[in-house]
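Visitor: Below is one structure. I have some questions about it.
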Amino acid sequence: AQQNGSISGNVTTSDGNPAAMVSVAIQSTTHGTMTNENGNYRIGRVKAGTYTLTVSAVGLAPQSKEVTVTAGASTVVNFTLDINNAQLQEVVIKGKTNTIKLDNPSPSLRVETPLLELSQNVQSVSSASLSQQQIISMSDGVIRNVSGAVRLEHWGDLYTNISMRGSQIQAFRNGFNVVSSFWGPLTEDVSLVDHIEFVKGPAGFMIGNGDGAGLYNVVTKKPTGQNKGEFSLTTGSYGLYRASLDLDGKLSNDGKLLYRLNLAAQNKNSFRAYEYNNRYTIAPVLSYQVSDDTKLTFEYNYQKAKMSDVGSFYVFSPDGYAAYDQNFTMMQPGLAPTNINDHSLYVLLNHRFNDNWRLTAQASYFNYMQSGTSLWPDSVAANGQVARGAGIWDAKSEMTMAQAFINGTVQTGGIRHRILGGIDAGSKNYMADWSTTHILDTPDSMFDPANPTYGYPSNGYPNFDRTLNLEARAVGAGGTMIQEYTGLYVQDELGLLDNKLRVTIAGRYTYLSQADWGGSPITAKKFTPRFGASYSITSDFAAYGLYDQAFMPQSAGRLIDGGNVKPITGSNLEFGLKKDWAQGKWNTTISVYQNLRNNEATADATSTPQNPVSFLLGQRKAQGIEFDLRGELAQGLTLTANYALTDSRVTKVGEFAGTQGIAVGDITPGYAKHVTNAWLNYKLQDGILKGVGVSAGFTGLFDRETDYWSDRVNRLPAYYKVDAGAFWENSKLRITGNVFNVFNKYLYSGSYYSAYNYNADGTTSLKWAAYSYQAEAPRNYRLSVTYRF
1423 AQQNGSISGN VTTSDGNPAA MVSVAIQSTT HGTMTNENGN YRIGRVKAGT
1473 YTLTVSAVGL APQSKEVTVT AGASTVVNFT LDINNAQLQE VVIKGKTNTI
1523 KLDNPSPSLR VETPLLELSQ NVQSVSSASL SQQQIISMSD GVIRNVSGAV
1573 RLEHWGDLYT NISMRGSQIQ AFRNGFNVVS SFWGPLTEDV SLVDHIEFVK
1623 GPAGFMIGNG DGAGLYNVVT KKPTGQNKGE FSLTTGSYGL YRASLDLDGK
1673 LSNDGKLLYR LNLAAQNKNS FRAYEYNNRY TIAPVLSYQV SDDTKLTFEY
1723 NYQKAKMSDV GSFYVFSPDG YAAYDQNFTM MQPGLAPTNI NDHSLYVLLN
1773 HRFNDNWRLT AQASYFNYMQ SGTSLWPDSV AANGQVARGA GIWDAKSEMT
1823 MAQAFINGTV QTGGIRHRIL GGIDAGSKNY MADWSTTHIL DTPDSMFDPA
1873 NPTYGYPSNG YPNFDRTLNL EARAVGAGGT MIQEYTGLYV QDELGLLDNK
1923 LRVTIAGRYT YLSQADWGGS PITAKKFTPR FGASYSITSD FAAYGLYDQA
1973 FMPQSAGRLI DGGNVKPITG SNLEFGLKKD WAQGKWNTTI SVYQNLRNNE
2023 ATADATSTPQ NPVSFLLGQR KAQGIEFDLR GELAQGLTLT ANYALTDSRV
2073 TKVGEFAGTQ GIAVGDITPG YAKHVTNAWL NYKLQDGILK GVGVSAGFTG
2123 LFDRETDYWS DRVNRLPAYY KVDAGAFWEN SKLRITGNVF NVFNKYLYSG
2173 SYYSAYNYNA DGTTSLKWAA YSYQAEAPRN YRLSVTYRF
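Quick note: to get my numbering, add 1422 to the position in the sequence shown (first position is 1).
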């Protein structure tokens, strides 16, 4: 016989508005949940009996009611808070300031299932974590907060290049896939970031762009309805000076017209001479409540970057990695800067038909312009001397995307259905001119790392001909990439056994047209199913399983055999356990997975970031274990900790891959077998030192693989990094100081490169070979002062 019942209801503020993001819990039990954006809540699998139900939030006096639960029935209990909507928003925001554990996905992930119950591993990095760790851009240590994520070699701070589960993952912003080439998008300045979601494995619910390894979704700041602001100043080692302003409030007395404005300016030099990265960010957002059920949001992001040549991070030596001092540079002072103007525009419509059905539709336009150069050797001699080449790199990216999806809840008998359906379409156009390289050093006066001089280069500075417009130059250089796609997705999450068991049945249809490197377009279409199940062992402990398939375009180097780059196909099989502890204050997730990828283009040993060359690997299988912990372990003590074991190997060898000596069982490039991270934060709660706190962090990478197929004799060493800091804060002011790389380790990543001459008779001959590496900063500090008003 049915022994359990459930409790559901609605929580409103004193002025009749839905009370979202407040806690509803049954005292003296582990049962609890959060209200959704409509103020609704539901607690299932409650044994029959009489309980005390409590509604609470940080800074809000709790309210309690006695409730009797009847077996096989749902008891409705509604609450009206003693505060109005504006006061509630202030309470929620204050609580959010120190929250590192998020319980729900953002609306841009489309699913409405709480993360604990979702049959997928999703890890969210909150704004509190970003603040504690003084992260200022997406390339600035974000990945330490997620199991198994590593950053591969990159062009300066141009793009982030994150790898997870053995492959590069896709970059999303507000639910849009913002990758138009291998070198994008421009790293987001954290001033416009609310939080970041990392989705492990294929995400069919992201409709037309699910990657087998996963994705990260940057969620930008939106108006909250609370009049508030924050001004922050940051300084640090190597000439870091940064200011940011966050304004949030109402533009109408009735609260229907809201705004959010984020501004940031940054000057930043480097531990390497002649290197800099100056940024300016403007991000206004307007939202208008058209009616009780309809809201429109308009958002514009502008990022201006002026940085030194994007190849300045690279160092080359025939003698191995870390051959020179940590601050050594091959950068030539006097080269023209790389200038980037990055614009993005979003229009979002939210409409509620009733309590059970909602429509979300949004459109976006992205426009990116780049003018600059990229350093790469023309030759590396056996004695280490280098002829440095500065290649033109002008680029433009335009993307127009739109999506619409509907969420609904239907009850059929004893089964609750969470319905998700939608369409996603887009057009992406990337063009670049890499056609000309100027050699800075003459054969009789090459750059000598053993005795470097940084005066006027022996062959002078480049003077590139930009008479033709970029499109004409890009077409001539074969530097065009065009992609169009349409995706359809339908999902039903069936809640069985009083929602104790949740079964997901879904399918995605994707149509794709893709033309790379100036070639003719190729088209492909595929239906990919998705099956998932999540079972709540208790109200705060769930087990899940997932089978999902991937089908997506890939931004890769041109194929060395002249063939076409095809979409990636593959599958992911995954099982995991999720547990909330201490009434939801902290959470653990452990998962095991097996990920298959077909048609994956992988970089050849002759590939360079300036001229990427790939070949089709065949099939790769990645498998591993991931563990994540985040939340408040005790009052004032928060911890983010994670570990991942990854193994990625070749399981089928492509025709050309076999000619390169690749065999079944070979380890694939681009990951570390063992990755572990932790960040601990403790703040005193009372006494004369109330508000004083300390922080400490650790990152370890072991059994590291290089970014490309590379020499495995000289392996990358283990990577250890320790950071520590202190802070003080009250309700208005926060002062934060952190020291990074406390033990002053020489940290780097790298790969082995071989460059070849292509002879007239069709043969090739080795031109040069060398180890390439990028060093990280030695011991350095940051100091921030933040004022809230």
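Glycine included, each C-beta is placed from N, C-alpha and C at the ideal position.
Given that a residue counts as buried once 16 or more other Cβ atoms are within 10 Å of its Cβ, and exposed if not, what is D1846?
Guide: Under this definition D1846 is a buried residue.
Visitor: Should T2121 be labelled buried (16 or more other beta-carbon atoms within 10 Å of its own) or exposed?
Guide: Under this definition T2121 is a buried residue.
Visitor: Pairs of beta-carbons, one from the segment 1828-1837 and one from the segment 1801-1816, closer than 8 Å: are there three or more?
Guide: Taking 8 Å as the limit for Cβ pairs, the verdict is that the segment 1801-1816 does not touch the segment 1828-1837.
Visitor: Let me make sure I understand the geometry here. Which of G2040, S1530, L2155 has the alpha-carbon closest to that of L1771?
Guide: The shortest C-alpha separation from L1771 is found at S1530.
Visitor: Three-state secondary structure (DSSP) at G1626?
Guide: Of the three classes helix, strand and coil, the one that applies to G1626 here is helix, per DSSP.
Visitor: With a CB to CB cut of under 6 Å and the five nearest residues on each side skipped, what residues in its chain are close to R1664?
Guide: Excluding residues within five positions, the ones whose Cβ falls inside 6 Å are T1656, Q1688.
Visitor: Could you check which residue in S1602, Q1792, Y1790, A1695 has the C-alpha nearest to that of G1661?
Guide: It is A1695 whose Cα lies nearest to the Cα of G1661.
Visitor: For L1781, which residues of its own chain have a beta-carbon under 6 Å away from its beta-carbon, when the five flanking residues on both sides are left out?
Guide: These residues qualify, in order along the chain: H1773, I1828.
Visitor: So the candidates are S1801, Q1590, G1733, Y2093; which of them puts its Cα closest to the Cα of Y1698?
Guide: Selected option, being the one with the closest Cα: G1733.
Visitor: Figure out for me which residue from S1956, N1761, E1619, Q2005 has the closest Cα to the Cα of A1447.
Guide: That would be Q2005, whose Cα lies nearest to the Cα of A1447.
Visitor: So T1403 and V1433 are supposed to be a Cβ contact under 8 Å. How far apart are they, rounded?
Guide: Residue 1403 is absent from the structure shown; the chain starts at 1423 and stops at 2211.
Visitor: Which residue from Y2174, I1429, N1543 puts its Cα closest to that of A1744?
Guide: The candidate whose alpha carbon is nearest that of A1744 is Y2174.
Visitor: Buried or exposed: Y2168, going by 16 or more other Cβ atoms within 10 Å of its Cβ?
Guide: So Y2168 ends up on the exposed side.
Visitor: By the three-class DSSP mapping on this structure, what secondary structure does A1423 have?
Guide: Here the model assigns A1423 a pLDDT of 44, short of 50, so the residue's position is not dependable, and the following value carries that caveat. DSSP places A1423 in coil when its eight states are reduced to three.
Visitor: Excluding sequence positions up to five away, which residues of its chain have a Cβ less than 7 Å from the Cβ of P1422?
Guide: Outside the displayed range of the chain (1423 to 2211) lies residue 1422, so it cannot be described from this structure.
Visitor: With H, G and I counted as helix, E and B as strand and the rest as coil, what does DSSP make of Q1754?
Guide: Residue state, collapsed to three classes: coil.
Visitor: Can you say whether A1423 is buried or exposed, counting buried as having 16 or more other CB atoms within 10 angstroms of its CB?
Guide: In this prediction, A1423 scores a pLDDT of 44, lower than 50, which makes its location untrustworthy; no coordinate-derived value is stated.
Visitor: Pop quiz: R1952 and D1970 are said to be a contact at Cβ under 8 Å. What is the actual Cβ separation, rounded to whole angstroms?
Guide: Contact holds; Cβ gap of about 5 Å.
Visitor: When the Cβ atoms of the segment 1579-1590 are set against those of the segment 1926-1941, are three or more pairs found closer than 8 Å?
Guide: In short, these stretches do not touch, since the Cβ pair count stays below three.
Visitor: Please classify A1785: does DSSP put it in a helix, a strand, or coil?
Guide: Three-state DSSP puts A1785 in a strand.
Visitor: What is the DSSP secondary structure of Q1554, counted as helix, strand or coil?
Guide: DSSP places Q1554 in helix when its eight states are reduced to three.
Visitor: Determine the extent of the beta strand (DSSP E) in which E2151 is found, giving its start and end residues.
Guide: From DSSP, the beta strand (DSSP E) with E2151 extends over 2141-2151.
Visitor: What does the Cβ neighbour count give for H1576, buried or exposed, with the cut at 16 atoms within 10 Å?
Guide: So H1576 ends up on the buried side.
Visitor: Output needed for S1942: all residues of its chain with C-beta closer than 8 Å, excluding positions within five of it in sequence on either side, in chain order.
Guide: Around S1942: no qualifying Cβ.
Visitor: Compute the distance between the beta-carbons of G1634 and N2017, then report whether it is under 7 Å.
Guide: Going by C-beta atoms, G1634 is nearer than 7 Å to N2017.
Visitor: Which residues in the same chain as N1838 place their Cβ atom closer than 8 Å to its Cβ, once the five residues preceding and following it in sequence are excluded?
Guide: It should be pointed out that residue 1838 corresponds to Arg in this sequence rather than to Asn. T1831, V1832, L1916, G1917, N1921, listed in sequence order.
Visitor: For G1438, which of helix, strand or coil comes out of DSSP?
Guide: Three-state DSSP puts G1438 in coil, outside helix and strand.
Visitor: Buried or exposed for T1864, going by 16 or more other Cβ atoms inside 10 Å?
Guide: With fewer than 16 other Cβ atoms within 10 Å, it is exposed.
Visitor: Pull up the distance between the alpha-carbon of A2191 and that of S1739, whole angstroms please.
Guide: Between A2191 and S1739, the C-alpha separation is close to 9 Å.
Visitor: Would you kindly report the start and end of the unbroken beta strand (DSSP E) that includes V1912?
Guide: Run containing V1912: 1902-1918, per the beta strand (DSSP E) assignment.
Visitor: Just how far apart, CA to CA, sit D1616 and V1641?
Guide: When rounded, the distance between both Cα atoms is 6 Å.
Visitor: Are there three or more Cβ pairs, one per stretch, closer than 8 Å when the segment 1541-1552 is compared with the segment 1483-1493?
Guide: No: fewer than three Cβ pairs fall under 8 Å.
Visitor: According to the Cβ coordinates, are D2002 and L1475 closer than 7 Å?
Guide: No. Outside cutoff.
Visitor: Given a cut-off of 7 Å on the beta-carbon distance, is the pair D1611 and T1751 in contact?
Guide: No, these two residues do not count as a Cβ contact at 7 Å.
Visitor: Using DSSP with H/G/I as helix, E/B as strand and the rest coil, what is A1447?
Guide: Strand.
Visitor: By how many angstroms is the C-alpha of S1709 removed from the C-alpha of G1658?
Guide: One C-alpha to the other measures close to 36 Å.
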